[in-house]
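**Student:**
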Amino acid sequence: MSELRVGADLEHQVAARHHQAAEGLDELLSIPALGPGPGTGSMLQILAVLLETSHQLAQANDLTADAVRDVAHVIRTTDAQVEQGFRAVGP
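Sequential numbering of the sequence shown, starting at 840, is according to our numbering.
#1: Tell me which residue opens and which closes the alpha helix (DSSP H) that G924 is part of.
#2: Are the CB atoms of A899 and E850 nearer to each other than 8 Å?
#3: Which of the three DSSP states, helix, strand or coil, is assigned to G863?
#4: Could you check which residue in S869, F925 and T917 has the C-alpha nearest to that of A887?
#5: Please look up how many angstroms separate the CB atoms of A861 and A897, rounded, as I've assumed it's under 8 Å.
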């Protein structure tokens, strides 16, 4: 049988790493200037897609960080409720 314990320190570490990843991805704010050339148009299209994808990944990381916090809160609250229930029926 395995046991899942999510303390505030673990919750903070996991959520913080997701926020850091999101910040790193959001640093890609614009497409760099490219000189004229035969592949410039194609390269700009590729960079536009990469920029949009990085923004979506940043959003996913922020949502994941929030979900980690929410789940950790529910687990801790449930643990406390179960403990109270056992104390209420215990000797």
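For each residue, glycine too, the CB sits at the ideal point set by N, CA and C.
**Tutor:** In terms of the structure at hand:
#1: T879 to V928
#2: no
#3: helix
#4: S869
#5: 4 Å
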